[in-house]
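Numbering (mature numbering (1 follows the signal peptide of the UniProt record, and there is no 0)), first residue to last: -26 to -1, 1 to 418.
Have a look at this one:
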């Protein structure tokens, strides 16, 4: 299996771009003018303000903590040989429906402007209960520059369970939909539960954390942790997916084998990054709310946005960390000799309620643009999407009242697929994609 190859499948990529260049979906419900209750125009977040003082940038420092190899090996020895992404996709037992087969309510959650090129709603079995919510997305376009992992094009979507509703054993947990995206007209997926090894690898527990941000780089998956935690990120190795053997409500080792609340696969954490300055707080380190990969830097970098409540008048932080170039540390962040990670760039923005972030430098541009997807101040309905840099800021506006609430409802994270030029994102009901060029045209 190919893991980290850098070759490009030119012919295959050209065929996919031809599919993506076709007519955009006629999403009538999503193109309806925003109602009067949504017609607020959010405050302009203005230009980005660089953070340069040691007091500010020091709060962004991380300390790397890797799970000992003996712990992971003990768990694998007990559960059986780990499997990879291909094995999960080959056992896909759910299907995403194309937008035309989704309900009007589902389609109404999509962006008003620009409209999605393709969109999909989830299997009803995953949405009717209402306790699980999609929040983050990353793709094999992040994982490798040819866009293919193993033998598949893949989309990963992170979901978080409510802490107050639904089955008690699932509350606050995180799961990832492994989506086979080889055929744009038909996407299948399978769930994998995120877990954390305990007792030296003799057991595991569920990751009780929100996954509002997620990035797949090399064979590693980095996800955000719950606001208020000293941990900033958890790290997963996609070559270490484990099969469960018992279909029961418990999570961990049980009589007769291994259980994960009914899920057939678990992904054990292999490490974490913790803020050296303590728990995230307005006066301390930021609570990471959105993540993205930027392949336009050298080396590739992890982009992060601070979570703050919609309408919060304090300045949120945007920053980035460099990925390691050491082949033995693929997918991990660059550290010093003591395992510390420092931000290589940081800004403040007046944007609040940020649920999605991208950093992208267009050809010929002298600086990258930062795209931020925001929840509205009322925390319901369509959100806004702004593009900012140190000299300018602009938003998509739509409707007779020129509201900026044109982006998706409950907007999730953003992921740029460099090979195809598309941005993947989530509403609170649907998975969708559109060309970055369309987004820029709407912003311009």
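Just so you know, even glycine gets a beta-carbon here, dropped at the ideal spot from N, CA and C.
Using alpha carbons as the reference points, say which of the options lies closest to residue i.
i	options	result
residue 69	160, 20 and 130	160
residue 226	397, 171 and 60	171
residue 50	327, 240, 270 and 403	240
residue 182	148, 209 and 109	148
residue 421	302, 89 and 276	With the chain running from -26 to 418 in the structure shown, residue 421 is simply not present.
residue 58	212, 222 and 232	212
residue 403	109, 280, 351 and 338	109
residue 399	88, 28, 21 and 26	88
residue 137	151, 174 and 104	104
residue 344	279, 120 and 93	279
residue 342	95, 362, 329 and 351	362
residue 79	395, 383, 396 and 411	383
residue 53	175, 76, 125 and 146	175
residue 206	243, 254 and 217	254
residue 391	141, 114 and 66	114
residue 143	179, 122, 121 and 163	179
residue 242	252, 232, 219 and 214	214
residue 66	43, 100, 286 and 152	152
Determine the DSSP secondary structure at residue i, reduced to helix, strand or coil.
i	result
residue 34	helix
residue 183	coil
residue 114	helix
residue 11	Note on residue 11: pLDDT 37, under 50, position unreliable in the model; no value is reported.
residue 233	strand
residue 323	strand
residue 392	coil
residue 62	helix
residue 386	coil
residue 69	strand
residue 219	coil
residue 301	helix
residue 205	strand
residue 100	helix
residue 263	strand
residue 87	coil
residue 177	strand
residue 422	Outside the displayed span of the chain (-26 to 418) sits residue 422, for which this structure offers no information.
How far does the beta strand (DSSP E) with residue i in it reach, from first residue to last?
i	result
residue 253	Looking at the DSSP string, residue 253 is not in any beta strand (DSSP E), and its letter there is neither H nor E.
residue 313	Taken as a continuous stretch (DSSP letters only), residue 313 belongs to no beta strand (DSSP E), as it is neither H nor E.
residue 280	275 to 280
residue 226	225 to 228
residue 419	Outside the modelled stretch of the chain, which goes from -26 to 418, sits residue 419, for which no answer is possible.
residue 27	It is not in any beta strand (DSSP E) - residue 27 carries neither H nor E in the DSSP assignment.
residue 332	328 to 334
List the residues that DSSP assigns as beta-bridge partners of residue i.
i	result
residue 135	106
residue 361	345 and 368
residue 404	95
residue 243	210
residue 399	406
residue 377	372
residue 147	182
residue 268	275
What are the boundary residues of the alpha helix (DSSP H) that includes residue i?
i	result
residue 413	410 to 417
residue 44	43 to 53
residue 79	78 to 81
Looking only at its own chain, which residues have a Cβ that is under 6 Å from the Cβ of residue i, when we skip the five neighbours before and after it?
i	result
residue 200	183 and 184
residue 299	273
residue 494	Residue numbering for the chain in the displayed model covers -26 to 418; residue 494 lies beyond these limits and cannot be assessed.
residue 268	275, 277 and 333
residue -3	With a pLDDT of only 46 at residue -3, under the threshold of 50, the placement of this residue in the model should not be trusted, and no figure is reported.
residue 76	95
Quick one: residues in its chain with C-beta nearer than 7 Å to the C-beta of residue i, no 5 flanking neighbours on either side, listed in chain order?
i	result
residue 221	236
residue 39	245, 246 and 248
residue 96	70
residue 84	1, 4, 90, 93, 382, 401, 404 and 406
residue 155	127, 128, 129 and 161
Go through its chain and collect everything with a Cβ distance to residue i's Cβ below 8 Å, but skip five positions before and after it.
i	result
residue 188	110, 111, 112, 130, 132, 150, 195, 196, 197, 198, 265 and 387
residue -8	Any answer about residue -8 is weak, because its pLDDT of 43 lies below 50 and its placement is not dependable; what the coordinates show is given next. Result list for residue -8: 158, in chain order.
Please tell me whether residue i has its Cβ less than 9 Å away from any Cβ of chain C.
i	result
residue 244	Reference to chain C is not applicable here, since this structure consists of a single protein chain.
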